[in-house]
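Trainee: Using this note's numbering, the letters of the sequence shown map in sequence onto residues 12 to 104. Heads up, the beta-carbon is just placed ideally off N, CA and C, and yes, glycines get one too. Before we start, here is the structure in question, set down as structure tokens.
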Amino acid sequence: QVYDYDTFSADDIMGEAEVDLQPLITAAVAFGDAGMFGNIQIGKWLKSHDNALIKDSIINIVDGKVKQEVSLKLQNVESGDIDLEIEWMPLEQ
């Protein structure tokens, strides 16, 4: 669920968003130590009728970190979008 943030009143639900983390996990595990690579694209989560992606979601290595940019249409509301940047952090860090 996605909420807005209100300082002086209750937060309101803005909608729902579902993110498939498997493409990020698969790409991060396949490349291992991201610090060994330059800035490159290593994966993609494709927009389809089965997900709420606004556009294809690209997975990159940026400055030694695996990151994914995700733009989703919010679900169960009239309209709304959310933009996320997800970063893979191995447990040993």
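Applying the criterion that 16 or more other CB atoms from any shown protein chain within 10 Å of the CB defines a buried residue, is residue 34 buried or exposed?
Mentor: buried
Trainee: Beta carbon of residue 70, beta carbon of residue 83: below 8 Å?
Mentor: no
Trainee: Going by Cα to Cα distance, which pick from 88, 36, 98, 97 is closest to residue 24?
Mentor: 88
Trainee: Within the same chain, show all residues whose beta-carbon is closer than 7 Å to that of residue 76, passing over the 5 residues directly before and after it, in chain order.
Mentor: 45, 98.
Trainee: Measuring only the C-alpha atoms, how far is residue 64 from residue 96?
Mentor: 14 Å
Trainee: Check residue 26 in the structure and name its three-state DSSP category.
Mentor: strand
Trainee: For the alpha helix (DSSP H) holding residue 86, just list the boundary residues, first then last.
Mentor: Unbroken run through residue 86: none, as it is neither H nor E.
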